[in-house]
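A.B. asks: Under the working numbering, think of the first position of the sequence shown as 11, with each following residue one higher. Glycine included, C-beta positions come from ideal geometry on N, C-alpha and C. Have a look at the structure that comes next, please.
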Amino acid sequence: MKSLHRIAIAAPLIVLHAWAGEIPSKQIAARTELHQIQTLTLSDQQFLNGDTGGKPVTITGQLRIAQGSGRLPVVVLQHGSGGYNANIDVWSRELNELGISTFALDSFTGRGLTEVNSNQALLGRLNFIVDLYRALEVLASHRASIRDASC
11 MKSLHRIAIA APLIVLHAWA GEIPSKQIAA RTELHQIQTL TLSDQQFLNG
61 DTGGKPVTIT GQLRIAQGSG RLPVVVLQHG SGGYNANIDV WSRELNELGI
111 STFALDSFTG RGLTEVNSNQ ALLGRLNFIV DLYRALEVLA SHRASIRDAS
161 C
């Protein structure tokens, strides 16, 4: 019975070790930060008319600063109608491996949404543009050594 107990404890450690070994070390960010982003919820018509009277909302962005020295580039990642999914993590790791930091936005949680695939009317598509520009403002004032913000 004692040997089965030891195997049961050792098995998760082996799996964890094997999994950790599969991730190239450069894919792991040097630092990860969560940032609040003040933005607006607007209808597409409000956006197109230049109406700034939308509903204020706070969304979040996850900044993964790549390993490296000096000023590093950053790419802003915006999810689609399906919400913040695993593909954001995959892109962040791939870009971090290349020495590029990422700023992944979550435009839904702060608005009480998880997805809009089933009902696109829940959030106007042009809100993503407002969110991206607000994210660029956050990055422009960031104290870290990030160089360029790209969408």
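(1) Is the CB-CB distance between VAL148 and THR112 below 8 Å?
(2) Please state the DSSP three-state secondary structure of ARG153.
(3) Using a 10 Å radius around the Cβ and a threshold of 16 neighbouring Cβ atoms, would you call TYR94 buried or exposed?
(4) Are there three or more Cβ pairs, one per stretch, closer than 8 Å when the stretch 56 to 67 is compared with the stretch 96 to 113?
(5) Please return the same chain residues whose Cβ sits closer than 6 Å to the Cβ of ARG144, not counting the five positions on each side in sequence.
(6) Under DSSP, the alpha helix (DSSP H) around ARG103 begins and ends at which residues?
(7) Return the first residue and the last residue of the beta strand (DSSP E) that LEU73 is part of.
(8) Could you spell out the range, first to last residue, of the alpha helix (DSSP H) harbouring ASP116?
(9) In this structure, does DSSP put GLY90 in helix, strand or coil?
(10) Taking the DSSP output, what are the residues bridged to ARG41?
(11) So, for LEU1: in the same chain, excluding its five sequence neighbours on each side, which residues have a beta-carbon less than 8 Å away from its beta-carbon?
(12) Using the Cβ count rule (16 or more neighbours within 10 Å means buried), how would you classify ASN129?
(13) Whole angstroms are fine: how far does the CA of SER91 sit from the CA of GLN55?
(14) Taking Cβ to Cβ, would you say THR51 is nearer than 8 Å to LEU73?
C.D. replies: Concretely, from the data shown:
(1) no
(2) coil
(3) buried
(4) no
(5) Cβ neighbours of ARG144 within its own chain (closer than 6 Å, five residues either side excluded): ILE47 and THR49.
(6) 96 to 107
(7) 65 to 75
(8) Taken as a continuous stretch (DSSP letters only), ASP116 belongs to no alpha helix (DSSP H), being part of the beta strand (DSSP E) at 111 to 116.
(9) strand
(10) ILE75
(11) Since the first residue shown for the chain is 11 and the last is 161, residue 1 is missing from the structure and cannot be characterised.
(12) Burial check for ASN129: the Cβ neighbour count within 10 Å stays below 16, so the residue is exposed.
(13) 19 Å
(14) no
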